[in-house]
Amino acid sequence: MTAYILRRLLLVVPTLFGIMVLNFFIVQAAPGGPVEQMIARLEGTAVGATERFSGSASGGEMIQRPQSESGGNQSSYRGARGLPTELIQRIEKMYGFDKPIGERFVLMLKDYAAFDFGDSFFRNQKVVDLVIEKMPVSLSLGLWTTLLIYFVSIPLGIAKAVRDGSGFDLGTSTLLVVLNAIPGFLFAVLLMLLFAGGSYFKWFPLRGLVSDDWHSFGAAHKVLDYFWHVTLPVVAMTIGGFAGLTFLTKNSFVEEIGKQYVLTARAKGLSEPRVLYGHVFRNAMLIVIAGIPSAFISVLFTGSMLIEVIFSLDGIGLLGFESALNRDYPVMFGTLYFFGLIGLVMGIVGDITYTIVDPRIDFEARG
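Using the numbering used here, read the sequence shown as starting at 5 and increasing by one per residue.
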């Protein structure tokens with residue numbers, strides 16, 4: 005297994021390289037890059053535009069709109085008419101766009117190899133600091149949501165498999181289909197109206213992951229305050245997540261229950277719990293375990309974005325969304341790098357979990 009893990013770890017590097025190459029050139033081809041964003045700010049056509057803006061890529065150099073008369077600027081940038089060519093060149097240099105696209109990509113890879121992810125164009129912070137600052141929020145939501153989904157779906161799926169075709173099976177299937185049809189963000193709004201002081205009860209806070217004075221609390225009070233804040237967001241994120249995993253668990257168990265080794269175990273007089281959890285569980289859970297990494301990554305980086313917005317949770321999903329809108333390339337590629345790395349590592353963790361659940365699996369023996 006050690007050799008297999010080493011091979012997988014070595015494959016992380018070329019895989020990440022492929023991800024970065026593909027996304028870098030796709031993003032560069034998209035209109036509305038950081039230079040155009042700055043031009044829009046200078047022209048006052050961007051939302052929240054200011055007459056001057058601090059560009060972190062140039063070490064905090066302040067760019068001011070000149071009072072010179074409109075010239076015959078032939079810049080290819082949208083909205084650049086009326087701005088002198090010298091100013092456009094300064095903005096390009098500030099963001100590194102004075103270099104060819106290939107050179108920019110090579111420089112980015114060199115920086116990433118030295119674990120230097122650069123500074124945000126529009127936040128005046130290092131990308132690493134931003135990711136570290138936002139990551140706890142998204143990790144909290146992703147971890148508790150994934151655990152809750154698996155904690156409910158696996159026992160429910162087993163119960164449905166044992167009672168396949170019964171009223172319990174049909175009733176729970178109907179309920180799961182209905183819950184799966186409810187968008188998470190819509191359910192989040194409903195929870196806010198019902199339990200966060202919207203129209204009825206004010207049992208839970210409306211925003212934030214902890215209270216403003218959280219640091220002054222005792223240890224037990226801190227834990228309770230954290231779970232008090234995270235309850236509604238996690239419930240909103242899990243509402244539509246039970247159906248797929250529950251049906252997957254049920255179908256996997258139904259398939260295993262019908263096999264010959266189960267009939268043999270029952271014929272030997274083994275109890276039903278012993279048959280289910282001593283024989284069927286290990287085989288049936290393999291396909292369920294395979295989905296843990298992808299489920300966690302999906303919840304962590306995609307499912308939480310709207311929930312973060314609704315509950316005012318400043319997490320990495322919201323950070324990535326805002327950086328894409330603002331064309332904040334260092335943050336975009338930095339978060340993409342972290343997303344890709346975590347996803348690849350979780351895939352390796354999933355393979356290791358395979359061998360823990362079923363020691364008969366030997367990845368090194370393949371081929």
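A virtual CB, placed ideally from N, CA and C, is assigned to each residue, including glycine.
With H, G and I counted as helix, E and B as strand and the rest as coil, what does DSSP make of Val51? For Val51, the pLDDT reaches just 48, beneath the cut-off of 50, and the residue's location in the model is therefore unreliable, although a value from the coordinates is still provided. Coil, per DSSP.
Quick check on DSSP: helix, strand or coil for Asp123? strand
Leu195 and Leu317: beta carbons closer than 7 Å? Against a cut-off of 7 Å, the Cβ pair of Leu317 and Leu195 comes out as no contact.
If you measure between the beta carbons of Ile153 and Thr242, is that distance less than 7 Å? With contacts defined by Cβ atoms closer than 7 Å, Ile153 and Thr242 form a contacting pair.
Apart from the five residues on each side of it in sequence, which residues of its chain come closer than 6 Å, Cβ to Cβ, to Ala269? Val279, His283
According to DSSP, simplified to helix, strand and coil, what is Ala223? helix
Assuming Val181 and Ala224 are in contact, meaning their beta carbons sit under 8 Å apart, how far apart are those beta carbons, in whole angstroms? The Cβ separation is near 40 Å, so there is no contact.
Through-space distance from Arg94 to Phe325, alpha-carbon basis: 27 Å
Between the C-alpha atoms of Ala53 and Thr89, what's the straight-line distance to the nearest angstrom? Because the pLDDT of Ala53 is 33, which lies under 50, any placement of that residue in the model is unreliable, and the number read from its coordinates should be weighed accordingly. Rounded to the nearest angstrom, the gap between the Cα atoms of Ala53 and Thr89 is 21 Å.
Within the segment 252-307, note down every full alpha helix (DSSP H) run reaching 4 residues or more, in order along the chain. Qualifying alpha helix (DSSP H) stretches, in chain order: 264-271, 276-279, 285-294, 296-302.
Specify, as a first and last residue, the run of the alpha helix (DSSP H) that Phe28 falls within. 6-33
Pop quiz: Ile23 and Gly354 are said to be a contact at Cβ under 8 Å. What is the actual Cβ separation, rounded to whole angstroms? Between Gly354 and Ile23 the Cβ distance is about 18 Å, and since that is not below 8 Å, they are no contact.
In whole angstroms, what is the alpha-carbon distance linking Asn128 and Val335? 11 Å
Can you tell me where the alpha helix (DSSP H) holding Gly161 begins and where it ends? 131-166
Rounded to the nearest angstrom, how far is the Cβ of Lys164 from that of Thr176, given a contact under 8 Å? 6 Å
For Ala44, which three-state DSSP category applies? helix
Are the Cβ atoms of Ala288 and Phe257 separated by less than 7 Å? yes
In whole angstroms, give me the CA-to-CA distance for Glu65 and Asn184. Here Glu65 scores only 42 on pLDDT, less than 50, and its place in the model should not be relied on; the value that follows carries that caveat. Distance between the alpha carbons of Glu65 and Asn184 is about 50 Å.
Using only alpha-carbon positions, find the residue among Glu260, Leu236, Gln41 that is nearest to Arg3. Residue 3 cannot be examined here, being either before or after the span of the chain that is shown, 5 to 371.
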